[in-house]
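J.: Before I ask anything, let me first share the structure, which is written out below as structure tokens.
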Amino acid sequence: MTFSNCGRELTFEQPPTRVVGMMPSQTDLLLRLGAQDTLVGQAQVSTSELPDDVAGRAADIPVLSTDTPPAREDLLAVSPDLVVSPTEYEFTAEQGYASIEQLAENGAQAYVATGGCADRRSSAQVTDLFIDIANLGQILGVADAADALAEGAQNRLEAVEESIRGEEPVTVAQVWVEGNVLGAIGAGIEYDIIRTAGGENVFDPDAPEFADFFSAEINPEEIISRNPDAIVFGTTSDKQEQQVLEYLRATFPNVTAVRDGLLIGVPQSDFYPGTIGNVEAVETIAERLYPDAFHSQR
Numbered sequence: 001m002t003f004s005n006c007g008r009e010l011t012f013e014q015p016p017t018r019v020v021g022m023m024p025s026q027t028d029l030l031l032r033l034g035a036q037d038t039l040v041g042q043a044q045v046s047t048s049e050l051p052d053d054v055a056g057r058a059a060d061i062p063v064l065s066t067d068t069p070p071a072r073e074d075l076l077a078v079s080p081d082l083v084v085s086p087t088e089y090e091f092t093a094e095q096g097y098a099s100i101e102q103l104a105e106n107g108a109q110a111y112v113a114t115g116g117c118a119d120r121r122s123s124a125q126v127t128d129l130f131i132d133i134a135n136l137g138q139i140l141g142v143a144d145a146a147d148a149l150a151e152g153a154q155n156r157l158e159a160v161e162e163s164i165r166g167e168e169p170v171t172v173a174q175v176w177v178e179g180n181v182l183g184a185i186g187a188g189i190e191y192d193i194i195r196t197a198g199g200e201n202v203f204d205p206d207a208p209e210f211a212d213f214f215s216a217e218i219n220p221e222e223i224i225s226r227n228p229d230a231i232v233f234g235t236t237s238d239k240q241e242q243q244v245l246e247y248l249r250a251t252f253p254n255v256t257a258v259r260d261g262l263l264i265g266v267p268q269s270d271f272y273p274g275t276i277g278n279v280e281a282v283e284t285i286a287e288r289l290y291p292d293a294f295h296s297q298r
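Take 1 as the starting number for the sequence shown in the UniProt record's numbering and just add one per residue.
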């Protein structure tokens, strides 16, 4: 079997037997595909917790790193034949990580989420996930499980679409906050998650600040002038979420999103390319933007 991935050709004569998930989001996907017996490593485990329904399956999988991609020697030490990653960053040799070429020299191939390829990162869509599910299903020899997983995810997205049909669009800004530094996200899978959830992004992927990257540092005035109805941000812990909320409330007291309390924290891992969490993020955001559309169904 041969697959095209980030401009590279991957060929598999037989299903891999020593697989590494480079982020909890990818480990989650691999577990849902039934690949737990082939997993010889999981990485960046402290960046997010695995969902409760799969966490137990990962208990005995060796941890290769906590908050960064694994060092080159630590990854190679488990002799992987397939490494699954959300982006190409995890293979940056200059950071001390194993490059894709170094993996190949040691008998391993790297599969990067479709939406995380460098040339796709700023234009990625939620539906890219289905390419990854299908590809990994074939690569791992679990096509039936992949079909079932994809069908379930597709049904969830269609349910959101049906629920919000006809609703007046809510304007949304997606931001990140690090200390007192504010940034906006205006492209990529993150942008498409907002769109799929029915939000009207106040930042445009065609804007010059997002020409080269999906995210950009901004001045608070950019939020004030756009006055979004809702603000979405990624969360990594309860403490970090509270810090972001405090910053937003203190910085934008007169912005509609703050006045109305429509500040939506979503686990950061749900924004990574190639994860079932993308669907979860769409559901979470849509239910906050259009609560009446969902409550009326219950």
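Built from N, CA and C at the ideal position, the CB exists for glycine as well.
Using beta-carbon positions only, say whether PRO16 and ALA43 come within less than 9 Å of one another.
T.: As a working note, residue 16 is residue 16 in the sequence shown. As a working note, residue 43 is residue 43 in the sequence shown. No, these two residues do not count as a Cβ contact at 9 Å.
J.: Measuring straight from C-alpha to C-alpha, what distance separates THR284 and GLN174?
T.: Here residue 284 refers to the residue found at position 284 of the sequence shown. Here residue 174 refers to the residue found at position 174 of the sequence shown. The C-alpha of GLN174 is placed about 14 Å away from the C-alpha of THR284.
J.: Determine the burial state of VAL244: buried for a count of at least 16 other Cβ atoms within 10 Å of its Cβ, exposed for fewer.
T.: Here residue 244 is taken as the residue at index 244 of the sequence shown, counted from 1. Buried, since its Cβ has 16 or more Cβ neighbours within 10 Å.
J.: Can you tell me the Cα-Cα spacing of ALA148 and PHE213, whole angstroms?
T.: Working through the sequence shown from its first residue, we reach residue 148 at position 148. Working through the sequence shown from its first residue, we reach residue 213 at position 213. Cα-Cα distance, rounded: 34 Å.
J.: When you compare only the Cα positions, how much space is there between ALA134 and ARG249?
T.: Position 134 of the sequence shown holds residue 134. Position 249 of the sequence shown holds residue 249. One C-alpha to the other measures close to 43 Å.
J.: In the DSSP output, what is GLY199 paired with across the bridge?
T.: The residue you call residue 199 lines up with position 199 of the sequence shown. GLY199 is bridged by DSSP to VAL170.
J.: Quick one: give me the first and last residue of the alpha helix (DSSP H) that ALA286 is part of.
T.: Taking the first residue of the sequence shown as 1, we reach residue 286 at position 286. Counting along the chain, the alpha helix (DSSP H) containing ALA286 begins and ends at 277-289.
J.: Could you compute how far the alpha carbon of GLU246 sits from the alpha carbon of ARG226?
T.: Within the sequence shown, the letter at position 246 stands for residue 246. Within the sequence shown, the letter at position 226 stands for residue 226. Their backbone Cα atoms lie some 20 Å apart in a straight line.
J.: Using DSSP bridges, identify the partner residues of PRO267.
T.: To locate residue 267, count along the sequence shown from 1; it is residue 267. Answer is THR235.
J.: Straight-line CA distance for ARG298 to GLY261?
T.: Position 298 of the sequence shown, counting from 1, holds the residue named residue 298. Position 261 of the sequence shown, counting from 1, holds the residue named residue 261. Low confidence applies to ARG298: its pLDDT is 45, below 50, so where it sits in the model is not reliable enough to give any reading.
J.: Helix, strand or coil for SER85? Go by DSSP, reduced to three states.
T.: Translated into the one-based positions of the sequence shown, residue 85 becomes position 85. The answer is strand: DSSP assigns SER85 an E or B state.
J.: Roughly how many whole angstroms lie between the Cα atoms of SER25 and ALA281?
T.: As a first step, residue 25 must be located in the sequence shown, where it is residue number 25. As a first step, residue 281 must be located in the sequence shown, where it is residue number 281. Whole-angstrom Cα-Cα distance: 13 Å.
J.: Can you give me the C-alpha to C-alpha distance between PRO80 and LEU30, rounded to a whole angstrom?
T.: In the sequence shown, the residue the question calls residue 80 occupies position 80. In the sequence shown, the residue the question calls residue 30 occupies position 30. Roughly 14 Å separates the two Cα atoms.
J.: Regarding GLU209 and the ligand FMN, is the C-beta to nearest heavy atom distance less than 8 Å?
T.: Within the structure as shown, the ligand FMN is missing, as the structure has no ligands at all.
J.: Go ahead and label THR196 buried or exposed: buried means 16 or more other beta carbons lie within 10 angstroms of its beta carbon, across all protein chains shown.
T.: Position 196 of the sequence shown, counted from the first residue, corresponds to residue 196. Answer is buried; the Cβ neighbour count reaches 16.
J.: Is the segment 157-168 touching the segment 187-205, taking contact as three or more C-beta pairs under 8 Å?
T.: Three or more pairs of CB atoms, one per stretch, sit closer than 8 Å, so the segment 157-168 contacts the segment 187-205.
J.: For VAL84 versus GLY7, is the C-beta spacing smaller than 9 Å?
T.: Here residue 84 refers to the residue found at position 84 when the sequence shown is read from its first residue. Here residue 7 refers to the residue found at position 7 when the sequence shown is read from its first residue. Taking 9 Å as the Cβ cut-off, VAL84 and GLY7 do not qualify as a contacting pair.
J.: Does SER99 come out as helix, strand or coil in the three-state DSSP assignment?
T.: For the purposes of this step, residue 99 is taken as the residue at position 99 of the sequence shown. The answer is coil: DSSP assigns SER99 none of H, G, I, E or B.
J.: Given this structure, state the Cα-to-Cα distance separating ASP144 from GLU90, to the nearest angstrom.
T.: Counting from 1 along the sequence shown, the entry for residue 144 is found at position 144. Counting from 1 along the sequence shown, the entry for residue 90 is found at position 90. Cα to Cα, ASP144 sits roughly 29 Å from GLU90.
J.: What are the residues that DSSP puts in a beta bridge with TYR111?
T.: Along the sequence shown, one-based indexing puts residue 111 at 111. In DSSP, TYR111 forms a bridge with VAL84.
J.: Consult DSSP for ARG298 and reduce its assignment to one of helix, strand or coil.
T.: Locating residue 298 in the sequence shown gives position 298, counting from the first residue. Below a pLDDT of 50, predicted positions are generally treated as unreliable, and ARG298, at 45, falls in that range; the measurement from the model is reported next regardless. Note: ARG298 maps to coil in three-state DSSP.
J.: Can you list the alpha helix (DSSP H) stretches of 4 or more residues lying completely in the segment 11-72, in chain order?
T.: 24-32, 52-55
J.: Quick check: what's the CA-CA separation for GLN154 versus LEU129?
T.: The residue you call residue 154 lines up with position 154 of the sequence shown. The residue you call residue 129 lines up with position 129 of the sequence shown. Answer to the nearest angstrom: the Cα atoms are 10 Å apart.
J.: Buried or exposed: where does VAL112 fall if 16 or more other Cβ atoms within 10 Å of its Cβ makes it buried?
T.: Taking the sequence shown and counting its residues from 1, one reaches residue 112 at position 112. That one is buried.
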